[in-house]
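> Just passing along the structure, written as structure tokens.
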Amino acid sequence: MNEGLPKEQRLYKKKAIQLLFEKGKGFNFYPFRVVVHAHASEDDEPTIPRFLVSVSKKRFHHAVKRNKVKRLVREAWRRNKSELIVKCEEHKITFDVALVYTATTILPYEEIEKKIKQLSLRLNNNYFLHDDEKNNTTAS
RNA sequence: UAAAGCGAUUGUCGCAGGCAGGAGAAAUCCUGCGUGAGGAAAGUCGGGACAGCACAGAGCACCGUACUUCUUAACAGGAAGGUAUCUUCAAGAUAACAGCAAGUGCCACAGAAAAUUACCGCUCUUCGGAGUAAGGGUGAAAACGUGAGGUAAGAGCUCACGCGAAGUUAUGGUAACAUAGUUUCGGGGUAAACCUUACGGGCUGCAAGACCAAAUAUACCGACGCUUGAGGGCUGCUCGUCCAAGUCGGGAGGGUAGGUUGCUUGAGUCUUUCGGCAACGACAGACCUAGAGAAAUGACAAUCACCUUGGAAACAAGGAACAGAAUCCCGCUUAUGCUUUAUUUU
RNA sequence: GCCCAUGUGGUGAAAUUGGUAAACACGCUACAUUCAGGGUGUAGUGAGCUUAAGCUCUUGGAAGUUCGAGUCUUCUCAUGGGCA
Numbered sequence: 001m002n003e004g005l006p007k008e009q010r011l012y013k014k015k016a017i018q019l020l021f022e023k024g025k026g027f028n029f030y031p032f033r034v035v036v037h038a039h040a041s042e043d044d045e046p047t048i049p050r051f052l053v054s055v056s057k058k059r060f061h062h063a064v065k066r067n068k069v070k071r072l073v074r075e076a077w078r079r080n081k082s083e084l085i086v087k088c089e090e091h092k093i094t095f096d097v098a099l100v101y102t103a104t105t106i107l108p109y110e111e112i113e114k115k116i117k118q119l120s121l122r123l124n125n126n127y128f129l130h131d132d133e134k135n136n137t138t139a140s
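The following block contains the structure:
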């Protein structure tokens with residue numbers, strides 16, 4: 001039930017993506033650069049994490065390899081995001097995440113999944129542990 | 001050389017279309033069934049279909065093609081044949097293969113001279129000059145080759161044989177052309193130089209185009225014009241034709257960048273028979289086989305199959321190329337590992 | 001997806017109709033000047049072999065046309081740009 005990745009949990013609108021990269025905060029977390037923009041949901045926005053993968057054409061010249069990486073990352077995210085969904089609904093937050101793949105080799109699936117698990121733990125700690133303060137800042 | 005294939009099954013989870021059923025006012029959601037990358041999907045190099053440009057008209061410019069016949073919707077594609085060159089013991093390979101003998105241009109350096117030539121030389125001489133192109137060296141390229149006659153010396157100047165070119169006749173062939181005869185001739189290269197000849201091409205491309213929804217805001221400067229006509233009508237120019245009261249340029253400023261359609265049934269795929277040397281064509285039957293949109297076609301596990309190495313075997317370890325549809329077809333080109341089949345040569 | 005443009009020393013760039021490839025500027029190296037550095041001046045500077053002289057290779061790459069290609073033609077690689 002929690003392991004699907006329907007369209008509403010993906011980030012695909014030009015405007016939303018532009019907003020994420022303008023206002024979001026970025027940090028490096030090998031093999032990704034992560035950009036996060038968490039904010040209180042408005043009327044038309046769903047209270048769920050929304051997600052985006054990007055693989056640079058400069059790092060992987062061939063489309064086959066880019067697709068491979070995106071599929072692996074998407075798979076790992078799909079399996080490990082269930083906790084974030086619960087948290088978002090609790091706190092009524094829209095949580096936009098972009099993962100930009102920065103490594104120059106294709107890592108095996110096990111390693112990517114391990115990293116994604118660590119990442120989701122870190123996001124949890126940063127954004128939902130002290131939820132009261134965070135809500136105040138993001139709302140402003 | 002030609003053709004075909006690119007794993008299979010099961011389980012768990014996931015994505016995108018389609019069909020059927022159900023829920024709902026609708027958006028949409030749920031359940032079930034079945035479908036989901038390639039031979040090159042690539043490069044975007046040819047050619048179409050389709051769409052828009054009021055009409056799609058004429059001429060020039062520009063671009064393309066270039067042995068013949070056939071084939072195809074069309075092509076710079078394909079088939080069969082001709083010619084030339086190259087190569088092998090052999091099957092074969094390659095060709096931008098019309099025209100410098102229509103005109104113009106160019107041919108560095110060297111050389112007398114790079115195309116109506118003359119330095120040395122040779123011959124004659126009235127010593128002013130005249131006639132020559134045998135011999136010489138230069139260069140990528142130097143005025144048909146060999147022999148004989150001829151002459152003052154020489155020269156296709158003449159003759160014999162040979163080589164090449166153009167025309168023409170006969171025979172064979174649909175034709176390119178081949179073979180034989182005959183007439184005239186001997187003019188270096190370059191057309192991937194301008195060009196000539198023949199034939200062909202309107203331009204722009206699905207981000208084309210159509211519809212729905214949402215949103216607005218104009219002011220300033222310069223130029224031209226308001227029927228004696230500026231400007232525009234997607235092609236560089238001219239003509240023709242149509243529209244026409246505002247248009248064009250500049251730097252500011254404001255708004256939207258959502259959805260539906262085009263969108264996959266088509267020069268379609270497979271099979272039998274027939275015609276044709278072949279490419280290909282014709283009739284009949286069967287089948288439906290991706291359609292995304294920040295962009296699906298996946299991940300993990302197990303078993304089997306394939307390849308390599310080790311091994312007698314069981315088995316063990318490792319490996320699996322090039323590469324990812326985006327309006328759709330037909331070609332070409334380039335990148336590619338392995339397996340299978342057929343044919344040919346040794 | 002569709003349509004275009006550009007590739008020359010380490011860098012930015014020249015090269016007239018095809019005729020000795022690298023003018024010019026920057027940079028770099030050596031020497032002189034200075035106690036030292038900077039600045040200035042002089043000389044050199046594509047790569048390989050070599051003491052030098054010299055030879056060979058080189059215009060993104062591979063072929064072709066031509067006596068001869070940076071220039072003309074074809075294929076290919078890389079980089080950059082435009083579109084509603």
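For the first sequence, the numbering used here begins at 1 and goes up steadily by one.
Ideal Cβ positions, reconstructed from N, Cα and C, are used throughout, including at glycine.
Consult DSSP for Ile93 and reduce its assignment to one of helix, strand or coil.
Correct three-state label for Ile93: strand.
> Between which two residues does the beta strand (DSSP E) harbouring Phe60 extend?
Where Phe60 is concerned, there is no enclosing beta strand (DSSP E), given that its DSSP letter is neither H nor E.
> Note down, one range per segment and in chain order, each beta strand (DSSP E) of at least 3 residues found wholly within the segment 7 to 54.
Counting whole runs of 3 or more residues, the segment 7 to 54 contains the beta strand (DSSP E) stretches 25 to 29 and 32 to 40.
> Going by other Cβ atoms of all chains shown within 10 Å of its Cβ, with 16 needed for buried, is Thr105 buried or exposed?
So Thr105 counts as exposed.
> Express the C-alpha separation of Leu20 and Leu72 in angstroms, rounding to a whole number.
Spanning the two alpha carbons is a distance of roughly 23 angstroms.
> What number of angstroms, rounded off, separates the C-alpha of Ser56 from the C-alpha of Ala40?
Between Ser56 and Ala40, the C-alpha separation is close to 30 angstroms.
> In whole angstroms, what is the alpha-carbon distance linking Gln9 and Glu83?
Their Cα atoms are separated by approximately 14 angstroms.
> Pull up the distance between the alpha-carbon of Lys65 and that of Tyr101, whole angstroms please.
Spanning the two alpha carbons is a distance of roughly 12 angstroms.
> Tell me the DSSP bridge mates of Leu99?
Partner(s): Val34 and Val53.
> Suppose the cutoff is 7 angstroms on Cβ atoms and the five residues either side in sequence are ignored; what does the same chain contact list for Trp141 look like?
Since the first residue of the chain shown is 1 and the last is 140, residue 141 is not available in this structure.
> Can you grab the Cα-Cα spacing for the pair Val35 / Leu119, in whole Å?
Using only the alpha carbons, I get a separation of about 12 angstroms.
> Give the secondary structure of Leu107 by DSSP, where H, G and I count as helix, E and B as strand, and everything else as coil.
Leu107 falls in the coil class under three-state DSSP.
> Would Phe27 be called buried (16 or more neighbouring beta carbons within 10 Å of its own) or exposed?
It is exposed - the Cβ of Phe27 has fewer than 16 other Cβ atoms within 10 Å.
> Just checking my contact of Glu127 with Ala16 at CB under 8 angstroms: how many whole Å lie between their CB atoms?
The displayed chain sequence assigns Tyr, not Glu, to residue 127. At roughly 18 angstroms, the Cβ-Cβ gap does not stay under 8 angstroms, so Tyr127 and Ala16 are not in contact.
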